[in-house]
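**Student:** Each residue of the sequence shown is one higher than the one before, counting from 1 in full-length UniProt numbering.
Cβ atoms here follow ideal geometry from the backbone N, Cα and C, with glycine treated the same way.
Since the structure is predicted, the reported quantities are computational estimates derived from the model, not experimental observations.
One structure coming up, written as structure tokens, with questions to follow.
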Amino acid sequence: MKTIFRRSTAAACCAVAVAASTLLSGSAMAAPASPPSTPIAFPAADGELMSYVVNAKAANAGKTKQVVQAVAAAGGVAVQQWPEIGVVIVQSDRASFRADILKYGYASVESVGATRTIEVAEGTPDGIATPWQAAPQQRGKQLAKADLLYGDATFDGVAPDPRETEQWDMVQLKADQAHQVTDGSRKVLVGVLDSGIDPNHPDLKANIDVANSVNCTNAGRPDTSPTGWNPTTSYHGTHVAGIIGAARNGVGIVGVAPNVRMASVKVVNDAGSIYPEYAICGFMWAGLKGMDVTNNSYFIDPVEFWCDDQPDQKAVRVAVERAVNWSTKKGVVHAAAAGNASYDLSNKTTDTDSPNDSTPIERHINNGCKDMPTELEGVVTVSSTDQAGKLSSFSNRGLNSIDVAAPGSRILSTLPNNTYGLLSGTSMASPHVAGVLALMKSQHPGWQPKQLVSQLRKQAEDHICMASATPIGAACAGNLRDNSYYGEGIADALQAVL
């Protein structure tokens with residue numbers, strides 16, 4: 001991944017490196033309308049291979065087929081079709097593609113949006129016929145950058161793993177008490193939408209569901225090759241996976257839900273980017289494979305906040321929302337990192353980091369602009385706490401934006417090559433909540449996402465607005481039961497299993 005600071009990164013949007021070892025109520029007058037957001041250019045030139053989402057007017061096979069036909073007429077190729085949600089991932093090297101698809105697909109196309117501001121680096125997946133001459137592998141390559149760091153069971157009085165005493169986060173979350181009841185069910189599957197999981201780590205390999213793992217960075221087309229979902233340039237997914245489900249095996253650490261299965265769903269490319277087509281693939285895969293929970297410690301590139309008053313951004317938002325909503329209806333509950341910008345998600349004003357795949361601009365944004373996926377309907381938005389229970393200095397916040405909080409500062413977890421390390425970020429807070437949801441699903445297999453989220457919020461431990469070290473000194477808004485720092489409180493693993 002590029003770097004690990006939220007306001008200047010994509011993939012590691014929600015992790016901050018620490019060390020390697022081993023985010024006039026009461027007035028009858030209507031509030032003034034917020035100014036429109038500043039446009040971001042999504043350029044396209046003839047001969048440059050660009051990526052798009054094309055949304056059908058209806059989510060069915062017939063309408064999707066009509067969209068594919070219109071794509072071909074407009075000079076594009078359908079890289080991946082998702083008829084379940086009426087979304088087609090498209091590549092085209094024609095500058096006029098967006099205008100032409102609306103012309104040729106007037107009866108079937110609802111909207112079209114570019115997913116990047118730069119040319120597609122990975123090319124077109126093998127096996128897809130293209131109108132351009134260059135072989136897919138010759139059209140570009142991924143940019144690689146080094147990281148900055150490198151059966152149901154009940155357990156009563158089990159011996160701790162060697163480094164479990166260092167895991168203050170499990171105590172704050174009450175996971176240590178929850179483990180006296182259960183470590184979770186093997187029937188529960190958590191999708192780790194991230195940069196891949198080290199398949200050989202001794203604390204992880206027993207819990208990785210290889211059959212349901214996938215690589216989504218092949219232009220948004222699922223790649224089920226045996227090693228495609230492995231990590232390449234990033235430690236991030238391996239660290240996240242350890243927090244969720246490091247095994248209780250006498251080695252290293254223990255995860256929040258150490259007996260559940262985890263699928264590696266790779267949505268981060270070697271340049272550290274999570275483009276919309278990758279995330280859509282990840283959410284669809286989770287629904288298709290019957291996953292119970294997903295963790296999403298990232299924001300979708302190249303725009304940190306996707307605005308509904310900009311055509312390209314709105315079309316992308318529609319496509320991602322359709323994928324999230326469809327997978328939720330299939331029974332998947334989603335946890336996501338709030339972000340590491342010390343930003344108030346409920347009072348948006350500016351964004352200086354978008355687009356992050358080319359040249360960022362300083363732009364005005366409004367509350368119609370959403371950080372995806374964390375601000376989408378039904379997704380559990382998680383802020384970060386430190387060991388003292390305070391809001392972490394980097395954590396995003398927001399009244400009615402945060403659902404719950406969880407530990408995210410200096411979290412010990414797994415790293416590639418059989419090592420362990422401390423990382424900080426809402427990237428680390430979110431998988432704690434994914435683990436709690438996995439425990440909850442283990443104990444209540446019949447509960448569906450809406451009930452899981454409702455109970456997670458209800459069971460969270462209420463937390464007063466403690467003073468925070470946040471550098472901008474933002475006051476905590478709200479009350480004991482629901483506030484801008486902690487949402488409805490710190491997630492409670494013990495209550496999840498009772």
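1. From Ser34 to Gln180, what distance separates their C-alpha atoms?
2. May I ask whether a heavy atom of the ligand ADP can be found less than 6 Å away from the beta carbon of Pro302?
3. Please report the distance separating the alpha-carbon of Trp326 from that of Pro449.
4. For a test of the three-state rule: what should DSSP assign to Leu376, helix, strand or coil?
5. Going by other Cβ atoms of all chains shown within 10 Å of its Cβ, with 16 needed for buried, is Ser454 buried or exposed?
6. Between Leu498 and Gln443, what straight-line distance do the alpha-carbon atoms span, to the nearest angstrom?
7. In terms of residue numbering, what span does the beta strand (DSSP E) encompassing Lys266 cover?
8. Hey, quick one: how far does the alpha helix (DSSP H) through Val210 stretch, first residue to last?
9. Can you give the Cα-Cα distance for Asn483 and Gly398, rounded to whole angstroms?
10. With distances taken from CA atoms, which of Val332, Tyr343, Leu423 and Val303 is nearest Tyr235?
11. Alpha carbon to alpha carbon, how far is Arg363 from Thr117?
12. Does the distance from the C-beta atom of Ile40 to that of Pro407 stay below 7 Å?
13. For a quick check, are the C-beta atoms of Lys345 and Asn396 less than 7 Å apart?
14. Give the secondary structure of Ala315 by DSSP, where H, G and I count as helix, E and B as strand, and everything else as coil.
15. Going by C-alpha distance, which of Leu415, Ile361 and Pro431 is nearest Val293?
16. When you compare only the Cα positions, how much space is there between Thr232 and Asp194?
17. Enumerate in chain order the residues of its own chain whose CB-to-CB distance from Gly290 is below 6 Å, with the five nearest sequence positions on each side excluded.
18. Which value, in whole angstroms, describes the spacing of the CA atoms of Val90 and Arg317?
19. Ser264 and Gly331 - do their beta-carbons sit closer together than 7 Å?
20. Under 7 Å, do Asp462 and Leu480 count as touching if we go by C-beta distance?
21. Taking 7 Å as the limit between beta carbons, can you name the residues of its chain near Ala45, skipping five residues before and five after?
22. Cα-Cα, which of Asn200, Gly446 and Lys441 is closest to Ala496?
23. Candidates Val171, Asp198, Ala491 and Val214: which alpha carbon is nearest Gly287's?
24. So for Asn325, helix, strand or coil by DSSP?
25. So what does DSSP say about Cys216, is it helix, strand or coil?
26. Sort Arg410, Asn400, Asp371 and Leu456 by Cα distance to Gly389 and report the nearest one.
27. On the DSSP bridge assignment, give the partners of Asn55 in chain order.
28. Under 8 Å: do the segment 246 to 266 and the segment 296 to 304 share three or more Cβ pairs, one atom per stretch?
29. When you compare only the Cα positions, how much space is there between Ile402 and Tyr104?
**Tutor:** According to the structure data:
1. The residue given as residue 34 occupies position 34 in the sequence shown. The residue given as residue 180 occupies position 180 in the sequence shown. Taking the straight line from one Cα to the other gives about 51 Å.
2. Absence of the ligand ADP from the depicted structure is noted, as is the absence of any ligand whatsoever, leaving it without description.
3. Your numbering for residue 326 matches position 326 in the sequence shown. Your numbering for residue 449 matches position 449 in the sequence shown. Spanning the two alpha carbons is a distance of roughly 12 Å.
4. Taking the first residue of the sequence shown as position 1, residue 376 is located at position 376. Three-state DSSP puts Leu376 in coil, outside helix and strand.
5. To locate residue 454, count along the sequence shown from 1; it is residue 454. With fewer than 16 Cβ atoms within 10 Å of its Cβ, Ser454 is classed as exposed.
6. For this step, residue 498 is matched to residue 498 along the sequence shown. For this step, residue 443 is matched to residue 443 along the sequence shown. Computed Cα separation, rounded: 8 Å.
7. Walking along the sequence shown from the start, residue 266 turns up at place 266. It spans Arg261 to Lys266 - the beta strand (DSSP E) in which Lys266 sits, taken as one unbroken run.
8. The residue labelled residue 210 in the question sits at position 210 within the sequence shown. Run containing Val210: none; DSSP gives neither H nor E here.
9. Taking the first residue of the sequence shown as position 1, residue 483 is located at position 483. Taking the first residue of the sequence shown as position 1, residue 398 is located at position 398. When rounded, the distance between both Cα atoms is 8 Å.
10. Here residue 235 refers to the residue found at position 235 of the sequence shown. Of the candidates Val332, Tyr343, Leu423 and Val303, the one whose C-alpha sits nearest the C-alpha of Tyr235 is Leu423.
11. Reading the sequence shown from its first residue, position 363 is the one you call residue 363. Reading the sequence shown from its first residue, position 117 is the one you call residue 117. The straight-line gap from Cα to Cα measures roughly 16 Å.
12. Walking along the sequence shown from the start, residue 40 turns up at place 40. Walking along the sequence shown from the start, residue 407 turns up at place 407. It is not a contact, given that the beta carbons lie outside the stated cut-off.
13. Here residue 345 refers to the residue found at position 345 when the sequence shown is read from its first residue. Here residue 396 refers to the residue found at position 396 when the sequence shown is read from its first residue. Rather than Lys, the amino acid found at residue 345 in this sequence is Leu. The answer is yes: Cβ separation under 7 Å.
14. Along the sequence shown, one-based indexing puts residue 315 at 315. Ala315 falls in the helix class under three-state DSSP.
15. Along the sequence shown, one-based indexing puts residue 293 at 293. Minimum Cα distance to Val293 is reached at Pro431.
16. Residue mapping note: residue 232 aligns to position 232 of the sequence shown, counting from 1. Residue mapping note: residue 194 aligns to position 194 of the sequence shown, counting from 1. For Thr232 and Asp194, the distance between alpha carbons rounds to 12 Å.
17. Residue numbering aside, residue 290 sits at position 290 when the sequence shown is read from its first letter. Nothing listed; no residue qualifies.
18. Here residue 90 corresponds to residue number 90 of the sequence shown, with the count starting at 1. Here residue 317 corresponds to residue number 317 of the sequence shown, with the count starting at 1. Rounded to whole angstroms, Val90 to Arg317 spans 16 Å at the Cα level.
19. Here the question's residue 331 lines up with position 331 in the sequence shown. Here the question's residue 264 lines up with position 264 in the sequence shown. Not a contact, by the Cβ cut-off of 7 Å.
20. Working through the sequence shown from its first residue, we reach residue 462 at position 462. Working through the sequence shown from its first residue, we reach residue 480 at position 480. For Asp462 and Leu480, yes; Cβs fall inside 7 Å.
21. The sequence position of residue 45 within the sequence shown is 45, counting from 1. Contacts found: Ala95.
22. As a position in the sequence shown, residue 496 is number 496, starting the count at 1. Of the listed residues, the one whose Cα sits closest to Ala496 is Lys441.
23. By one-based count along the sequence shown, residue 287 stands at place 287. The shortest C-alpha separation from Gly287 is found at Val214.
24. What you label residue 325 is simply residue 325 of the sequence shown in a count that begins at 1. Helix, per DSSP.
25. Here residue 216 refers to the residue found at position 216 when the sequence shown is read from its first residue. In this structure, Cys216 counts as coil in the three-state DSSP scheme.
26. If you number the sequence shown from 1, residue 389 lands on position 389. The option with the nearest alpha carbon to Gly389 is Arg410.
27. The sequence position of residue 55 within the sequence shown is 55, counting from 1. Asn55 is bridged by DSSP to Val87 and Ser111.
28. no
29. Here residue 402 corresponds to residue number 402 of the sequence shown, with the count starting at 1. Here residue 104 corresponds to residue number 104 of the sequence shown, with the count starting at 1. Distance between the alpha carbons of Ile402 and Tyr104 is about 42 Å.
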